[in-house]
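Note sheet for the following structure.
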Amino acid sequence: MSDWIPVAPAKEIPPGAHRIVDADGTAIAVFNIDGNFHAIEDVCTHDGGRLTGGVVDGDQIVCPRHGARFCVRTGAALTAPAYEPTACLPVRVEQGTVQVRDDRWD
């Protein structure tokens with residue numbers, strides 16, 4: 001699936017905030033970090049749980065279940081118990097609306 005999916009008006013996701021959008025059955029978390037938007041799959045690669053609900057600390061999100069940290073800019077797993085990255089997805093702002101797409105299977 002490579003269609004751009006509208007998330008929200010950019011002004012509704014201030015710095016430090018995030019939104020979740022469903023991309024054809026896949027939960028995508030879109031973060032505003034210092035005025036720049038980043039998108040990752042909302043899944044901890046350690047156990048498949050959601051990352052959102054955890055604390056966002058700068059450009060990292062802490063998994064609420066077991067404390068693994070992920071970079072929201074790159075999807076990289078930064079601490080155990082997660083060792084594999086979560087998917088990092090393209091995000092853009094078009095006409096004031098944040099959009100994301102899941103292009104992994106194009």
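Okay, so the sequence shown: first residue is 1 according to this note's numbering, each after it adds one. In this text, a Cβ means the ideal position worked out from N, Cα and C, and glycines have one as well. Being a predicted model, the structure only gives us computed values, none of them experimental.
Any contact of the stretch 76–95 with the stretch 41–49, i.e. 3+ C-beta pairs under 8 angstroms?
-> Result yes; three or more Cβ-Cβ pairs closer than 8 angstroms.
| message | Using C-beta distances below 8 angstroms, list every residue in its chain close to ARG50, excluding the 5 sequence neighbours before and after it, in chain order. | response | Cβ within range, chain order: ALA27, ASP42, VAL43, CYS44 and PRO64.
Report, in whole angstroms, the separation of the C-beta atoms of PRO90 and ASP103, which I expect to be a contact under 8 angstroms.
-> At roughly 6 angstroms, the Cβ-Cβ gap stays under 8 angstroms, so PRO90 and ASP103 are in contact.
State the DSSP-derived secondary structure class of ALA17, mapped to helix, strand or coil.
Coil at ALA17, not helix or strand.
**Item:** MET1 - DSSP class collapsed to helix/strand/coil
**Value:** The predicted model places MET1 with a pLDDT of 48, which falls under 50 and marks its position as unreliable; any figure quoted below should be read in that light. Here MET1 sits in coil by DSSP.
Proximity below 8 angstroms, CB of PHE31 to CB of VAL72: Contact annotation: PHE31 and VAL72 have beta-carbon atoms nearer than 8 angstroms.
Q | Beta carbon of THR52 nearer than 8 angstroms to that of ALA76 | A | It is not a contact, given that the beta carbons lie outside the stated cut-off.
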